[in-house]
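This report refers to the structure that appears directly beneath it.
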Amino acid sequence: MRLFQGLDIVYIPKFKDVASRNARFIVDIFTEKERMTCMQLARPYVSLAGRFAAKEAMLKAFGIGFTTTGIFQDIEVSNQPSGRPTLTLRGWISTLMKRRSIKEATVSISHSADYAAATVILLAIDRS
Numbered sequence: 853m854r855l856f857q858g859l860d861i862v863y864i865p866k867f868k869d870v871a872s873r874n875a876r877f878i879v880d881i882f883t884e885k886e887r888m889t890c891m892q893l894a895r896p897y898v899s900l901a902g903r904f905a906a907k908e909a910m911l912k913a914f915g916i917g918f919t920t921t922g923i924f925q926d927i928e929v930s931n932q933p934s935g936r937p938t939l940t941l942r943g944w945i946s947t948l949m950k951r952r953s954i955k956e957a958t959v960s961i962s963h964s965a966d967y968a969a970a971t972v973i974l975l976a977i978d979r980s
């Protein structure tokens, strides 16, 4: 068994500024479900920043960067009724999970006044 961890922190005011100046940013990074969920909240950019941190943490856990914004669409962050965040992985990220024998991905997201942080832990099973 192997564990991989990724961590990211986002300065919410800067995130909101970038998103406000670039209309495509939110559409390119977040799935329709994520956008609809967050935009209904009183402070949507706080939630979006946390989800962005989770997506970045996922890529860091893999030890890769991103070359295109489209990769973010393959990582969807949602919440269980309890509020616990979960990851739904599609496309290239899902394929990479299988290739690397990763069986589980967990995420934790936290917010403070001006920051959102997320950590992702990947559990890989060694092939015998």
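The opening residue of the sequence shown carries number 853 in our numbering; numbering runs sequentially from there.
Every residue, glycine too, gets a C-beta built ideally from N, C-alpha and C.
Computed from a predicted structure; not experimentally measured.
Item	Value
Since residue 855 and residue 948 are thought to touch, with beta carbons under 8 Å apart, how far apart are those beta carbons, to the nearest angstrom?	The Cβ separation is near 16 Å, so there is no contact.
Going straight from the alpha carbon of residue 923 to that of residue 945, what length do you get?	8 Å
Would you mind reading off the limits of the alpha helix (DSSP H) that contains residue 957?	Careful: residue 957 lies outside any alpha helix (DSSP H), inside the beta strand (DSSP E) at 954 to 963.
Let me check one thing: in DSSP terms, what residues is residue 874 bridge-paired to?	The partner list for residue 874 (beta bridge, DSSP) is empty, contrary to what the question assumes.
DSSP state of residue 865, grouped into three classes?	helix
On a Cα-Cα basis, can you pick out the residue from 882, 917, 877, 914 that is closest to residue 903?	882
Take every Cβ of the stretch 891 to 900, pair it with every Cβ of the stretch 932 to 942, and state whether three or more of those distances are shorter than 8 Å.	no
Residue 893 by DSSP, collapsed to three states: which one?	coil
For residue 966, tell me which candidate among 860, 865, 915 has the shortest Cα-Cα distance.	865
Select from 911, 877, 870 the residue whose C-alpha is nearest the C-alpha of residue 972.	911
Could you name the residues of the same chain whose beta carbon sits closer than 8 Å to that of residue 878, not counting the 5 residues immediately before and after it, in chain order?	871, 887, 900
Cα-Cα, which of 978, 880, 908, 925 is closest to residue 952?	978
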